[in-house]
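Notes follow the structure.
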Amino acid sequence: MNALSLADVFAPDDFPPSAADHAVERQFQYLDRCRRLPIGPAVTVVFENRQTLWFRIQELAQVARATDPDHIQPELNWYSKLLPGQNRLHAAVWVAEPGRRPSKALAVVRLAVANGRIGFRADDGHEVAGTFRTNRVNDHLIGLALWAEFHFTGDDRTAFADANRIWHLFVEAAGYCHEGNRLSPEVRESLLQDLGDGE
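Residue 59 in our numbering is what sits at position 49 of the sequence shown, and the numbering runs on without skipping anything.
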């Protein structure tokens, strides 16, 4: 996928409030249907693509308009690294109570998850392991999120595309071992599209 640029930050300001509200509502529906996946009571994974990151970086627009836009470009460069590519997915991993932002109260769980395992697992035992990235942007938007990267081989993609297999996301960490619900066809189709983009 093409890198993010300042054009992605400076969205038009002349949308009527009702249109903006409708766009936000559609975005949340898309996230819930195709990109946001809970794993147990305290972990939520959001698989990033251009659409999810565009929504996320709009918060940078207020900062960019008040300062030199060039100061925003380094952060956009970092966000661009989170775009999916050929055989690669990136996801934000939030450790928080449902409906709340990450907090210090769950710091122990968050540390355990960061040092544990995350991945996809099929009903036949096939796994695609994820790895946590150590370099995180230090801004207020995503500084509390963990970031995971998933690399798929050709065999992994074939298995993930097999409609006869059931896939789940899992987290295995000290004091926190959970498997998410079965991945829906919409989620799998969305992620498979990302894996094939590699632009």
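Heads up, the beta-carbon is just placed ideally off N, CA and C, and yes, glycines get one too.
Q. If we ignore side chains and look at the alpha-carbon of each, how far apart do glutamate 199 and cysteine 187 end up?
A. Within the sequence shown, residue 199 is the residue found at index 189, counting from 1. Within the sequence shown, residue 187 is the residue found at index 177, counting from 1. Going by the C-alpha atoms only, they are around 26 Å apart.
**Q.** Beta-carbon gap between valine 53 and alanine 101 smaller than 7 Å
**A.** To locate residue 53, count along the sequence shown from 1; it is residue 43. To locate residue 101, count along the sequence shown from 1; it is residue 91. In this structure, alanine 101 does not lie closer than 7 Å to valine 53 by Cβ.
Q. Buried or exposed: alanine 155, going by 16 or more other Cβ atoms within 10 Å of its Cβ?
A. Counted from its first residue, the sequence shown places residue 155 at position 145. Buried, because 16 or more other Cβ atoms sit within 10 Å of the Cβ of alanine 155.
Q. According to the neighbour-count rule (16 or more other Cβ atoms, all chains shown, within 10 Å of its Cβ), is aspartate 165 buried or exposed?
A. Start at 1 with the first residue of the sequence shown, and residue 165 comes out as number 155. Exposed, by the Cβ-count rule.
Q | Cβ shell of leucine 177 (< 6 Å), same chain only, five flanking positions each side left out | A | Translated into positions along the sequence shown, residue 177 becomes position 167. Here residue 177 turns out to be tryptophan, not leucine, going by the sequence shown. Taken in chain order, the residues that qualify are Phe130, Ala132, Leu193.
(Q) Run through the DSSP bridge pairs and tell me what tryptophan 157 is partnered with. (A) As a first step, residue 157 must be located in the sequence shown, where it is residue number 147. Answer is Ala102.
Q.
So leucine 93 and arginine 127 are supposed to be a Cβ contact under 8 Å. How far apart are they, rounded?
A. Residue numbering aside, residue 93 sits at position 83 when the sequence shown is read from its first letter. Residue numbering aside, residue 127 sits at position 117 when the sequence shown is read from its first letter. Wrong, their Cβ atoms sit about 24 Å apart, outside the cutoff.
Q: Buried or exposed for arginine 43, please, with buried defined as at least 16 other CB atoms from any protein chain shown within 10 angstroms of its CB.
A: Here residue 43 is taken as the residue at index 33 of the sequence shown, counted from 1. That one is exposed.
Q.
According to DSSP, is isoleucine 152 part of a helix, a strand, or is it coil?
A. Walking along the sequence shown from the start, residue 152 turns up at place 142. Bear in mind that the predicted position of isoleucine 152 carries a pLDDT of just 48, short of 50, making it unreliable; the figure below should be weighed with that in mind. Correct three-state label for isoleucine 152: coil.
**Q.** Contact set for proline 183: own chain, Cβ-Cβ below 6 Å, skip 5 residues either direction
**A.** Numbered from its first residue, the sequence shown carries residue 183 at position 173. Here the sequence assigns alanine to residue 183, which means proline is not the residue at that position. Only residues of its own chain outside the window of five on either side were considered, and among them Ala122, Val123, Gly126 have a CB closer than 6 Å to the CB of alanine 183, listed in chain order.
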